[in-house]
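Protein chains in written order, with the working numbering: chain U, 187 to 432; chain W, 3 to 476. Contents: one structure, followed by commentary.
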């Protein structure tokens, strides 16, 4: 089965549309949303509705920290993120919020765990940036494969019974075999706000039959998404970073 | 982990063990069969007692991962991997020939050294183009197909540039075979393609002289010696070695990666065209550097190692080959300036590029004369002079331009064969005259060339074209 993994959409309609179209062409049979549907971008309502439709049709979605922040105000966000959350709250109706409130923190699916941040205390939203956090996340689950988002930096960690986690930065758009005797943690880059210097949207395609994961980059109408952010009166920085991928 | 009782007749995942062929240091090799496979295949099974040595387990994982990605004639065709939880193995095509290590009886003739070297460099070039660095090249890991093509095996220490490197952060000691290892590998650099060029240099040295350039270091620490101690020049061991071959070998063995060939294709080109090698002081050396020089180098070896590390982590300079197909017929004179201009502009846009001026001598032309040899020779000298004269306005220094007369039955095949066997990066050819019948060459080259093709039209033809009467309106 070909599974499309989409993280950190952040209300970016253009990026989500492009990724869903790409996944559809590739033959994706299942969609998994790894949290942060909203925050930062100008189309939170549209994104929540689109994802809710897909969940209705069998897709899986987990809760992200921005989704949670819309429901329960928190003081742990930076100014731009907090401003975006406050604005987002005005764009969502009760049905949108009810959908977000129903999202679980984690979903187990066979040998796969879906979670927004580290599997270790998911509700504390730990960024898996290095082998150190990957090690903690591996300890927190017995499942072989963990798929998460949150950092906006594509990364792939693996460990075996006798080796410490190793950090790999995917670079080629080529399928990577997730060797069966190892455990893997894949941080899928962001659909809606990539920060690794490449403005193209990033999502993952996992072929469960062949055990191969591909990090896919999809160019989309970045300028349009940025214009909408400016028009909505959101912080300029949120528009500028989209075009640069930072 | 692996089950112990493998014997003839045992079935593993549909593969029947037929014959135990070989026990290596790390694995058993069995000839196996499966009904739906009609070519010879072998199964590589890691030895049981590797439980203790983690690097062997990870090395086998690496080999499983990388072999499944590789294709083409220069690697054994991969068939299947066995699950570690049940019975780890790799099933692959059996390559009949003995390894280079086993076929090394005596010292081959110089021509044979060049031929084998070029085949190995071609195989390495193919591997690198698939983003894989071998990192443990040695005669025991190289075989030859009946066609002469080299096949590289044993990818247990290899690195795929686009896949996680399972060996990189796991082991804090250098890995490889000390005799063949590049100095940067001592520093655990696993990302420089030129480490493979160094190993190939050691193999070439051994082929050409029968000796190893740095001996057999007993301990990994002694590998550091090759950073400051230059090898005995090959010609001091075997005087008949041509200066060009010594230049090639010693350039591969430079401690500094930047001083070696930047790509396997460049090494292959020089091995195929030793007469075009631009020799330096390396080619003339007849003895090792004296005691004082070596001692001074030894004192600054630590600094040199840091420079090697810096060099190994820099992007290597590229030296693309641009082929310009030159016609020396009088009617092609109109095209000459256009071809020269196109060559110059491509050279400007590809820093480090070299221009290969190619002219095809039709074999039918040589055979006309009764005295074939003499006539052939005359044609060659005349043509070579004409070719040099043709390119003279470019004023390119030696080393940036080479001249090649090819004998072929037709122009297209001659140019294509050269472009393929030398991995040419860009091809420049003249367009046929308008309305003429000579369009087949450039059209076929555009379709079949293994690289980008620029088709050039003479300026006068372009002007003439605009003056043609417009088509009557329909």
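A virtual CB, placed ideally from N, CA and C, is assigned to each residue, including glycine.
For the candidate residues the options, whose alpha-carbon lies nearest to that of residue i?
i: residue 182 of chain W; options: W/175, W/168, W/205, W/287; result: W/205
i: residue 12 of chain W; options: W/29, W/248, W/34; result: W/34
i: residue 302 of chain W; options: W/336, W/229, W/233; result: W/229
i: residue 272 of chain U; options: U/235, U/307, U/257; result: U/257
i: residue 38 of chain W; options: W/57, W/44, W/23, W/16; result: W/16
i: residue 226 of chain W; options: W/108, W/305, W/289; result: W/305
i: residue 75 of chain W; options: W/390, W/144, W/158; result: W/144
i: residue 217 of chain W; options: W/180, W/210, W/184; result: W/180
i: residue 345 of chain W; options: W/363, W/336, W/325; result: W/325
i: residue 327 of chain U; options: U/299, U/354, U/234; result: U/299
i: residue 430 of chain U; options: U/418, U/400, U/387, U/394; result: U/387
i: residue 191 of chain W; options: W/221, W/159, W/215, W/220; result: W/159
i: residue 28 of chain W; options: W/241, W/300, W/156; result: W/156
i: residue 237 of chain U; options: U/226, U/432, U/376, U/199; result: U/199
i: residue 450 of chain U; options: U/408, U/313, U/314, U/269; result: Given a span of 187 to 432 for chain U in the structure shown, any question on residue 450 of chain U remains unanswerable.
i: residue 308 of chain U; options: U/381, U/352, U/250, U/359; result: U/250
i: residue 165 of chain W; options: U/339, U/349, U/225, U/360; result: U/360
Alpha helix (DSSP H) containing residue i: first to last residue?
i: residue 2 of chain W; result: The structure shown does not extend to residue 2 of chain W, since chain W is modelled only from 3 to 476, so the question has no answer here.
i: residue 422 of chain U; result: 422-430
i: residue 107 of chain W; result: Where residue 107 of chain W is concerned, there is no enclosing alpha helix (DSSP H), given that its DSSP letter is neither H nor E.
i: residue 7 of chain W; result: Element bounds for residue 7 of chain W: n/a, residue is neither H nor E.
i: residue 197 of chain W; result: 196-211
i: residue 293 of chain W; result: 293-301
i: residue 415 of chain U; result: 408-417
i: residue 442 of chain W; result: 442-450
i: residue 270 of chain W; result: 266-274
i: residue 62 of chain W; result: 56-69
i: residue 32 of chain W; result: From DSSP, residue 32 of chain W is part of no alpha helix (DSSP H) but of the beta strand (DSSP E) over 29-35.
i: residue 252 of chain W; result: 245-254
i: residue 230 of chain U; result: 230-242
List the residues of chain U that residue i touches, going by C-beta distances under 9 Å, in chain order.
i: residue 443 of chain W; result: Neighbours of residue 443 of chain W on chain U: none; closest Cβ ~37 Å, over 9 Å.
i: residue 70 of chain W; result: 363
i: residue 63 of chain W; result: 346, 365, 367, 368
From the DSSP output, which residues share a beta bridge with residue i?
i: residue 344 of chain U; result: U/352, U/370
i: residue 402 of chain U; result: U/389
i: residue 83 of chain W; result: W/92
i: residue 146 of chain W; result: W/152
i: residue 431 of chain W; result: W/457
i: residue 293 of chain U; result: U/300
i: residue 359 of chain W; result: W/326, W/405
i: residue 161 of chain W; result: W/135
At a CB-CB cut-off below 8 Å, which residues of chain U make contact with residue i?
i: residue 67 of chain W; result: 363, 365
i: residue 85 of chain W; result: 366, 367
i: residue 186 of chain W; result: Chain U residues near residue 186 of chain W: none, gap ~21 Å exceeds 8 Å.
List the residues of chain U that residue i touches, going by C-beta distances under 7 Å, in chain order.
i: residue 165 of chain W; result: 362
Residues of chain W with CB closer than 9 Å to the CB of residue i, please, in chain order.
i: residue 227 of chain U; result: In chain order: nothing, as chain W lies at least about 31 Å away.
i: residue 278 of chain U; result: The premise fails here: residue 278 of chain U is roughly 40 Å from chain W at the closest Cβ pair, so nothing lies under 9 Å.
i: residue 357 of chain U; result: 163, 164
Determine the chain W residues that contact residue i at a beta-carbon separation under 7 Å, and present them in chain order.
i: residue 348 of chain U; result: 56
i: residue 342 of chain U; result: 166
Mind pulling the chain W residues with CB within less than 8 Å of residue i?
i: residue 354 of chain U; result: 165, 166, 167
i: residue 251 of chain U; result: By Cβ distance, chain W contributes nothing, its closest Cβ being about 28 Å from residue 251 of chain U, past 8 Å.
Can you tell me where the beta strand (DSSP E) holding residue i begins and where it ends?
i: residue 299 of chain U; result: 298-301
i: residue 324 of chain W; result: 323-327
i: residue 219 of chain U; result: 216-219
i: residue 332 of chain U; result: 331-334
i: residue 237 of chain W; result: It is not in any beta strand (DSSP E) - residue 237 of chain W instead sits in the alpha helix (DSSP H) that spans 236-239.
i: residue 17 of chain W; result: 17-25
i: residue 351 of chain W; result: Note, residue 351 of chain W: premise wrong, no beta strand (DSSP E); alpha helix (DSSP H) at 335-351.
i: residue 191 of chain U; result: 188-192
Cβ pair count under 8 Å reaching 3, the segment 396-415 of chain U against the segment 54-67 of chain W: No, the segment 396-415 of chain U does not touch the segment 54-67 of chain W.
At least three beta-carbon pairs within less than 8 Å, the segment 415-422 of chain W to the segment 449-460 of chain W: They touch, by the three-pair rule.
Given 8 Å, three or more beta-carbon pairs between the segment 241-258 of chain W and the segment 309-319 of chain W: Result yes; three or more Cβ-Cβ pairs closer than 8 Å.
Three CB pairs or more closer than 8 Å across the segment 290-307 of chain U and the segment 198-212 of chain U: The answer is no - the segment 198-212 of chain U does not touch the segment 290-307 of chain U, with fewer than three Cβ pairs under 8 Å.
Stretch pair the segment 392-404 of chain W + the segment 352-361 of chain W: three plus CB contacts closer than 8 Å: As far as the Cβ criterion goes, the segment 392-404 of chain W touches the segment 352-361 of chain W, which means the pair count is three or higher.
Stretch pair the segment 229-239 of chain W + the segment 277-290 of chain W: three plus CB contacts closer than 8 Å: A contact between stretches requires three or more CB pairs, one per stretch, nearer than 8 Å, and the segment 229-239 of chain W meets this requirement with the segment 277-290 of chain W.
Meets three-Cβ-pair contact criterion under 8 Å: the segment 385-397 of chain W and the segment 81-97 of chain W: Here the segment 385-397 of chain W makes no contact with the segment 81-97 of chain W; the two share fewer than three CB pairs at distances below 8 Å.
Validate contact between the segment 325-337 of chain U and the segment 133-142 of chain W using beta carbons, cut 8 Å, 3 pairs: Verdict: no, contact absent.
Cβ contact check for the segment 365-375 of chain U and the segment 343-353 of chain U: 3 or more pairs under 8 Å: The segment 365-375 of chain U vs the segment 343-353 of chain U: in contact.
Segment contact, 8 Å Cβ cut-off, at least three pairs: the segment 189-197 of chain U with the segment 218-236 of chain U: Touching, yes, given that three or more Cβ pairs across the two stretches are closer than 8 Å.
Contact the segment 273-282 of chain W vs the segment 118-126 of chain W: 3+ CB pairs below 8 Å: The answer is yes - the segment 118-126 of chain W touches the segment 273-282 of chain W, with three or more Cβ pairs under 8 Å.
Touching by the beta-carbon criterion (3+ pairs, under 8 Å), the segment 100-109 of chain W and the segment 64-71 of chain W: No, they do not touch.
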